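Enquirer:
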DNA sequence: ATAAAACATGAATCAGTATTCATGTTTTAT
DNA sequence: ATAAAACATGAATACTGATTCATGTTTTAT
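Residue numbers (this note's numbering), protein chains in the order written: chain A, 6 to 212; chain B, 6 to 212.
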């Protein structure tokens with residue numbers, strides 16, 4: 006509702022405190038969950054007084070939102086970096102998945118926060134996925150035009166890829182801590198290249 | 006912690022009240038979210054007094070859990086019914102997705118509750134996905150053995166399929182209300198049969 | 001018909017915690 | 001060096017809402 010966020014801190018000390026509190030909030034929210042996490046928990050972790058948090062953030066909801074926006078930027082930065090030197094779109098998808106999975110294993114808070122966000126702040130959560138989607142579709146469309154992919158529905162493909170990335174991310178960060186990344190990437194690669202239907206020519210093209 | 010749940014109601018009236026409150030809880034939780042939903046909201050919707058809820062459920066957490074378990078059963082029932090008369094595994098997957106998507110459009114509370122569950126009661130949420138996974142893998146493995154699918158990593162395939170189902174479910178129930186189901190099913194079918202890589206023989210086999 | 005069990009009520013309790021604020025300290029600008 | 005602005009404190013406030021419980025009603029069993 007309130008569109009005017011707190012102004013940026015004016016001094017170096019201020020910027021540091023804000024960053025300190027934001028980092029503490031990320032940890033606490035991902036470890037305890039939004040509801041269980043109290044302002045006292047966050048400021049204790051950050052080593053400040055409770056009131057200090059309100060110098061930089063309007064409310065518990067707003068600080069959560071800032072945490073999510075920050076993570077969103079990190080996720081997108083990480084994935085675009087991954088695909089920079091891919092040879093073609095299939096390769097880009099595969100590298101993208103691998104980098105992504107390694108990222109979420111390093112930063113398991115990512116998925117916790119995104120999941121919380123779906124519940125705590127649905128608008129921000131939608132915007133996050135919409136942004137990912139909006140950047141994804143043109144890549145897939147262009148790749149199909151260049152014949153690096155078969156022709157197909159780029160939008161639906163984007164959602165399917167995002168679905169695979171998302172669940173695999175949850176899986177490795179929450180369940181197996183990264184030990185299955187290689188298997189996952191191998192099978193994903195095979196899905197993109199051949200689907201999962203029986204293949205006609207058994208062992209000819211590795212392409 | 007407390008493993009002893011409330012005993013089953015002894016009378017018809019009791020069973021009806023319990024069902025009434027459970028249905029109200031599903032609606033209220035999915036509309037308002039777990040945190041915002043109060044016991045008063047639930048009992049108001051159910052048309053009973055607040056205390057009545059505590060005759061049948063130990064706590065707000067427990068009633069949420071019961072809602073989730075109930076939905077889990079419905080989801081599994083619906084999807085197994087869908088694939089009963091599929092001709093092969095690829096066909097089963099495609100029918101499964103379509104039925105599934107139509108189900109979540111009819112019952113949009115499904116995804117809201119599952120998402121909430123990831124945050125509110127992580128144990129139950131994990132058990133839900135684990136159960137889906139445990140039932141899925143043997144089907145895929147058996148199908149590969151019968152050569153209805155190519156050989157591959159059945160476990161990773163199961164997670165990828167679940168990821169696609171999940172995101173598409175969220176997508177149609179939350180975003181577009183079912184109008185894109187046909188497009189989605191078509192593209193999904195194509196992914197399973199051919200992948201998304203360029204195809205060697207342009208227009209030969211519809212299989 | 002009657003006692004016992006089961007079910008139902010809703011106002012009062014009570015614990016937790018987000019937010020404020022009066023007071024102090026540090027930094028910046030002149 | 002000094003005033004003003006920015007930053008920091010943490011105890012007190014204020015509110016919410018889950019849970020309880022004393023009391024009443026309905027159903028079941030005999």
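Glycine included, each C-beta is placed from N, C-alpha and C at the ideal position. Predicted, not measured: the structure shown is a model, and the values here were computed from it.
Have a look at 17/A, 90/A and 48/A and flag the residue whose alpha-carbon is nearest the alpha-carbon of residue 31/A.
Expert: 48/A
Enquirer: Report all residues from its chain with a CB closer than 7 Å to the CB of residue 211/B; omit the five preceding and five following residues, and keep chain order.
Expert: Reliability of the predicted coordinates at residue 211/B is poor, the pLDDT of 49 falling under 50, and the value obtained from them is presented with this limitation in mind. Closer than 7 Å at Cβ, skipping near neighbours: no residue.
Enquirer: Within this structure, are the beta carbons of residue 197/A and residue 98/A separated by less than 8 Å?
Expert: Result yes, Cβ atoms of residue 197/A and residue 98/A sit closer than 8 Å.
Enquirer: Residues of chain B with a CB under 9 Å from the CB of residue 104/A: which are they?
Expert: Those within 9 Å of residue 104/A in chain B number zero; the least Cβ separation is about 17 Å.
Enquirer: Pull up the distance between the alpha-carbon of residue 120/A and that of residue 140/A, whole angstroms please.
Expert: 21 Å
Enquirer: Could you list which residues in chain B have their beta carbon closer than 8 Å to that of residue 189/A, in chain order?
Expert: 161 and 164
Enquirer: Straight-line CA distance for residue 192/A to residue 19/A?
Expert: 48 Å
Enquirer: Establish whether the CB of residue 114/A and some CB of chain B are separated by less than 8 Å.
Expert: no
Enquirer: Looking at residue 69/B and residue 137/B, is the spacing between their C-beta atoms short of 8 Å?
Expert: no
Enquirer: Report, in whole angstroms, the separation of the C-beta atoms of residue 173/A and residue 168/B, which I expect to be a contact under 8 Å.
Expert: 6 Å
Enquirer: Can you name the residues of chain A whose CB is closer than 7 Å to the CB of residue 199/B?
Expert: 155 and 200
Enquirer: Report yes if the C-beta distance between residue 40/B and residue 129/A is below 8 Å; otherwise report no.
Expert: no
Enquirer: Please report the Cβ distance between residue 117/B and residue 35/B, rounded to the nearest whole angstrom; I am assuming they are in contact, meaning their Cβ atoms lie under 8 Å.
Expert: With a Cβ gap of about 4 Å, residue 117/B and residue 35/B count as contacting.
Enquirer: Would you call the CB atoms of residue 4/B and residue 22/B closer than 8 Å?
Expert: Nothing can be reported for residue 4/B, as the shown portion of chain B is limited to 6 through 212.
Enquirer: Rounded to whole angstroms, what's the CA-CA distance from residue 102/B to residue 115/B? Just pull it up for me.
Expert: 15 Å
Enquirer: Leaving out the 5 sequence neighbours to the left and right, which residues in its chain are closer than 8 Å to residue 204/B when beta-carbon positions are compared?
Expert: None.
Enquirer: For the alpha helix (DSSP H) containing residue 169/B, list its first residue and its last residue.
Expert: Run containing residue 169/B: 159-176, per the alpha helix (DSSP H) assignment.
Enquirer: Taking beta-carbon pairs under 8 Å, can you tell me which members of the stretch 85-109 of chain B lie near chain A?
Expert: 95
Enquirer: Applying the criterion that 16 or more other CB atoms from any shown protein chain within 10 Å of the CB defines a buried residue, is residue 43/B buried or exposed?
Expert: exposed
Enquirer: Less than 8 Å between CB atoms is the rule here; does residue 2/B satisfy it with respect to chain A?
Expert: Only positions 6 to 212 of chain B appear in this structure, which leaves residue 2/B out of reach.
Enquirer: Using a Cβ-Cβ distance cut-off of 8 Å, determine whether residue 203/A contacts chain B.
Expert: The beta carbon of residue 203/A falls within 8 Å of a beta carbon belonging to chain B, placing the residue at that interface.
Enquirer: Closest by CA to residue 162/B, which one among 146/B, 151/B, 73/B and 199/B?
Expert: Nearest C-alpha to residue 162/B: 146/B.
Enquirer: Return the Cβ separation of residue 63/A and residue 11/A in integer angstroms, given the expectation that the two are a contact with Cβ distance under 8 Å.
Expert: 6 Å
Enquirer: Cβ of residue 52/A less than 8 Å from any chain B Cβ?
Expert: At a cut-off of 8 Å, the C-beta of residue 52/A has no neighbouring C-beta in chain B.
Enquirer: Decide if residue 94/B is buried, meaning its Cβ has at least 16 other Cβ atoms within 10 Å, or exposed.
Expert: buried
Enquirer: The alpha helix (DSSP H) that contains residue 152/B, what's its start and end?
Expert: Taken as a continuous stretch (DSSP letters only), residue 152/B belongs to no alpha helix (DSSP H), as it is neither H nor E.
Enquirer: I think residue 122/B touches residue 165/B, with their Cβ atoms under 8 Å apart; what is that distance to the nearest whole Å?
Expert: Actually they do not touch by this definition, with Cβ atoms about 22 Å apart.
Enquirer: Give a yes or no on whether 8 Å exceeds the smallest Cβ distance from residue 195/B to chain A.
Expert: yes
Enquirer: So, is residue 176/B buried or exposed, given that buried needs 16 or more other C-beta atoms within 10 angstroms?
Expert: buried
Enquirer: For my contact list, residue 75/A and residue 27/A are in at a C-beta cut-off of 8 Å; report their separation, rounded to the angstrom.
Expert: 7 Å
Enquirer: Look at the Cβ atom of residue 105/B, then the Cβ atom of residue 84/B, and state whether they are nearer than 8 Å.
Expert: Cβ distance < 8 Å, so residue 105/B and residue 84/B count as in contact.
Enquirer: Is the Cβ-Cβ distance between residue 25/B and residue 51/B less than 8 Å?
Expert: In contact: residue 25/B and residue 51/B (Cβ atoms closer than 8 Å).
Enquirer: If you draw a straight line from the alpha carbon of residue 29/B to that of residue 37/B, how long is it in whole angstroms?
Expert: 12 Å
Enquirer: Distance check for residue 132/B and residue 100/A, CA to CA, integer angstroms please.
Expert: 31 Å
Enquirer: For the alpha helix (DSSP H) containing residue 19/B, name the first residue and the last one.
Expert: 17-37
Enquirer: Just the C-alpha distance for residue 77/B and residue 179/A, rounded to the nearest angstrom, thanks.
Expert: Cα to Cα, residue 77/B sits roughly 21 Å from residue 179/A.
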